[in-house]
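Novice: Right, I'll just put the structure down here and ask away after.
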Amino acid sequence: MAQGTAGRTGRRGRMAARKAQQSLSAPYTLRRIGLVSLIDDEAIAIIERNADRILDEIGMDFRGDPETLELFRKHGARVDGERVRFDPGWCREKIKTAPQVFTQHARNPARSVQIGGDAQVYAPSFGPPFVHDMEKGRRYATLEDFHNITKLHYSLGPVNHSGGVVVEPVDVDVPLRHLKMAHAHLTLSDKPFMGAVTAPERARDTIDMCRIAMGREFVDQNCVLYSVVNTNAPLVMDETMLWALKEYAQAGQCTVVSPFVLGGAMSPVSVAATLAQVLAEVMASVALIQLIRPGAPAAFGTFFSPISLKTGAPTFGTPEGTQFQMCAKTLADRLGLPFHSVGGLTASKVPDAQAGYESQAQLMGATMAGVNFIIHATGCLEGLLTTGYEKIVMDADRVSAMQRFTQGVDFSEAAQAMEAFFEVEPGGHFLGAQHTQDNYETAFWMGDMSDNGTYEQWAAEGGLWQQDRASARVKQLLGEYEPPAMDAGVREALDDFVARRSREIMGGHT
51 MAQGTAGRTG
61 RRGRMAARKA
71 QQSLSAPYTL
81 RRIGLVSLID
91 DEAIAIIERN
101 ADRILDEIGM
111 DFRGDPETLE
121 LFRKHGARVD
131 GERVRFDPGW
141 CREKIKTAPQ
151 VFTQHARNPA
161 RSVQIGGDAQ
171 VYAPSFGPPF
181 VHDMEKGRRY
191 ATLEDFHNIT
201 KLHYSLGPVN
211 HSGGVVVEPV
221 DVDVPLRHLK
231 MAHAHLTLSD
241 KPFMGAVTAP
251 ERARDTIDMC
261 RIAMGREFVD
271 QNCVLYSVVN
281 TNAPLVMDET
291 MLWALKEYAQ
301 AGQCTVVSPF
311 VLGGAMSPVS
321 VAATLAQVLA
331 EVMASVALIQ
341 LIRPGAPAAF
351 GTFFSPISLK
361 TGAPTFGTPE
371 GTQFQMCAKT
381 LADRLGLPFH
391 SVGGLTASKV
401 PDAQAGYESQ
411 AQLMGATMAG
421 VNFIIHATGC
431 LEGLLTTGYE
441 KIVMDADRVS
451 AMQRFTQGVD
461 FSEAAQAMEA
471 FFEVEPGGHF
481 LGAQHTQDNY
491 ETAFWMGDMS
501 DNGTYEQWAA
511 EGGLWQQDRA
521 SARVKQLLGE
531 YEPPAMDAGV
541 REALDDFVAR
551 RSREIMGGHT
């Protein structure tokens with residue numbers, strides 16, 4: 051019994067030490083290893099030529115906004131109804147004013163992240179209407195779930211970003227959800243977050259809330275929001291996404307253009323054809339951002355998932371998904387744009403082996419490709435229909451491993467450890483060597499969710515499977531959560547803004 055108690059105490063101590071180390075982790079990762087690209091110069095020329103031909107001969111629809119069509123016409127694009135066509139090279143020339151690297155500022159400056167260059171940012175899943183945990187199973191998400199998940203991501207050091215719609219709080223009226231979600235991101239976390247894109251007034255509300263929290267002048271001169279608009283593939287920017295794009299571009303905030311493509315349904319059944327289509331959609335849309343406000347930050351985004359040609363269902367963790375990322379990143383680099391894409395996706399309904407295999411495959415592929423902003427890095431279940439509580443902390447462990455991997459191998463004099471060879475006799479061991487004693491806490495990556503003890507030790511501690519350990523970890527993190535500091539006057543102003551806008555939106559009947 052005493053031995054078991056000592057073992058548990060030792061494990062708690064190690065977990066506490068790792069937690070302290072995570073709390074001091076960098077706000078984003080600067081990779082020190084090379085990229086993996088699967089596209090050579092000949093293939094690049096083919097894809098870029100095909101994208102230019104698509105835009106020149108077919109064009110792209112920009113729907114529901116005559117002002118946008120007139121702006122395109124004024125700058126030399128060919129407009130026919132809502133269809134806009136572009137001469138080869140026209141979009142690429144306009145995109146040149148977009149920054150290659152920029153900072154998304156967080157409410158806490160120490161949490162601000164670099165977007166682009168060698169930086170990699172890992173962010174939560176986005177948009178699921180359901181949540182899952184091991185005790186209650188799958189259910190519709192509520193505002194309480196949104197709060198809990200935001201607290202978890204704030205508490206997890208490897209997760210660099212608070213995300214956006216981490217779940218849909220279905221107990222809140224749709225017109226008010228953006229207010230409640232932005233309020234949660236700003237008060238329960240001090241990491242950077244994403245803006246609402248479902249209506250122009252919701253985008254404006256999000257910007258105004260950031261002005262309250264961070265100062266109007268600061269927000270007007272800096273990027274504080276990172277927001278994703280999806281094209282309606284193939285080759286359509288619908289009215290909702292278009293108006294959100296305009297709001298954020300006019301305000302100088304980052305807009306990610308991310309075509310949402312289910313390969314075989316929304317693009318042809320090949321990686322090469324989908325690359326050309328996605329490149330065309332991104333170029334036309336980012337060109338519009340630069341026409342609206344030259345120099346406004348933008349990113350090249352992708353969400354590509356092949357469908358099963360047997361069932362029509364999306365598939366995740368496939369070779370084609372990773373191949374696509376490892377080609378699209380090169381295309382984004384050639385445009386001089388940061389690259390945004392997916393990680394951690396799975397079709398599994400629960401945090402089981404399938405979830406682990408598929409999520410790790412996609413996450414590793416995104417990391418190796420050099421994706422600058424990896425969305426859906428944590429929490430995905432059921433093809434993004436569900437966010438899993440346990441899956442969040444399990445995925446955060448894998449994110450931590452990826453971050454260590456991209457830091458590369460240390461070849462410094464200290465890492466060479468030559469003094470250890472002279473200290474330890476041939477045939478001896480290095481466990482007691484001074485070099486080991488000096489470095490044992492940080493020498494090798496250690497995850498929170500993997501059990502590396504003996505079978506006997508595992509059995510004595512309850513024989514818990516990983517999802518059970520993750521459930522306990524979730525409860526621990528939520529139990530220990532403490533909100534970040536916020537000026538009382540700022541908090542009161544945010545509360546008042548949400549109350550006032552709620553009354554205005556609901557006609558005084560909230």
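One rule links them: number in the working numbering = place in the sequence shown (from 1) + 50.
Cβ atoms here follow ideal geometry from the backbone N, Cα and C, with glycine treated the same way.
(1) Compute the distance between the beta-carbons of G302 and S277, then report whether it is under 8 Å.
(2) When you compare each of T192, Q327 and G84 to G109 by their alpha carbons, which one comes out closest?
(3) Take the Cβ of H197 as the centre, count every other Cβ of all protein chains shown within 10 Å, and call the residue buried at 16 or more, exposed below.
(4) Applying the criterion that 16 or more other CB atoms from any shown protein chain within 10 Å of the CB defines a buried residue, is N502 buried or exposed?
(5) Could you please give me the residues that DSSP links to I442 through a beta bridge?
(6) Sorted by chain position, which residues of the same chain lie with C-beta nearer than 7 Å to Q71's C-beta, five sequence neighbours on each side aside?
(7) Using DSSP's beta-bridge definition, name the partner residues of A348.
(8) Can you give me the C-alpha to C-alpha distance between L74 and Q164, rounded to a whole angstrom?
(9) Exposed or buried, F480, counting other C-beta atoms within 10 Å across all chains shown (16 or more means buried)?
(10) Please list the terminal residues of the continuous beta strand (DSSP E) segment that includes I357.
(11) How many Å lie between R227 and P219 at the Cα?
(12) Identify every residue that forms a DSSP beta bridge with L80.
(13) Does the distance from the C-beta atom of S398 to that of L431 stay below 8 Å?
(14) Within 10 angstroms of the Cβ of V181, are there 16 or more other Cβ atoms? Answer buried if so, exposed if not.
(15) Would you say V47 and F152 are within 8 Å of each other, going by their C-beta atoms?
(16) I need the DSSP call for D91, collapsed to helix, strand or coil.
(17) Which value, in whole angstroms, describes the spacing of the CA atoms of S162 and S317?
(18) Return the residue from the list G314, V86, G214 and A294 that minimises the CA-CA distance to A283.
(19) Tell me, please, which residues DSSP counts as bridged to T561.
(20) Any idea which residues DSSP pairs P364 with across the strands?
(21) Could you check where the alpha helix (DSSP H) with Q161 kicks off and where it finishes?
(22) Check whether the segment 464-475 and the segment 519-529 touch, using three or more Cβ-Cβ pairs below 8 Å as the test.
Specialist: Taking the definition as stated:
(1) It is not a contact, given that the beta carbons lie outside the stated cut-off.
(2) Put simply, of T192, Q327 and G84 the residue whose alpha carbon is nearest the alpha carbon of G109 is Q327.
(3) Answer is buried; the Cβ neighbour count reaches 16.
(4) Looking at its Cβ environment, which holds fewer than 16 other Cβ atoms inside 10 Å, N502 is exposed.
(5) None, per the DSSP bridge assignment.
(6) The pLDDT assigned to Q71 is 44, lower than 50, so where the model puts this residue is not dependable, and the model offers no usable value.
(7) Answer by DSSP bridge pairing, in chain order: T305.
(8) Reliability of the predicted coordinates at L74 is poor, the pLDDT of 41 falling under 50, and the value obtained from them is presented with this limitation in mind. In this structure, the CA atom of L74 is about 17 Å from the CA atom of Q164.
(9) Flag for F480 reads exposed.
(10) Bounds of any beta strand (DSSP E) do not take in I357, whose DSSP letter is neither H nor E.
(11) Counting only the Cα atoms, P219 lies some 7 Å from R227.
(12) Within the DSSP bridge table, the entry for L80 names A169 as partners.
(13) Between S398 and L431, the CB-CB gap stays under 8 Å.
(14) Counting Cβ neighbours within 10 Å, V181 comes out buried, since at least 16 surround it.
(15) The structure shown does not extend to residue 47, since the chain is modelled only from 51 to 560, so the question has no answer here.
(16) Assignment of D91 by DSSP, reduced to helix, strand and coil, places it in the helix class.
(17) Straight-line Cα distance between these residues: approximately 36 Å.
(18) For A283, the nearest C-alpha among the options comes from G314.
(19) Coverage of the chain is limited to positions 51 through 560, which leaves residue 561 absent and any answer about it impossible.
(20) DSSP output for P364 lists I357 as bridge partner(s).
(21) A quick correction: the sequence has Arg, not Gln, at residue 161. Note, R161: premise wrong, no alpha helix (DSSP H); not H, not E.
(22) Result no; under three Cβ-Cβ pairs closer than 8 Å.
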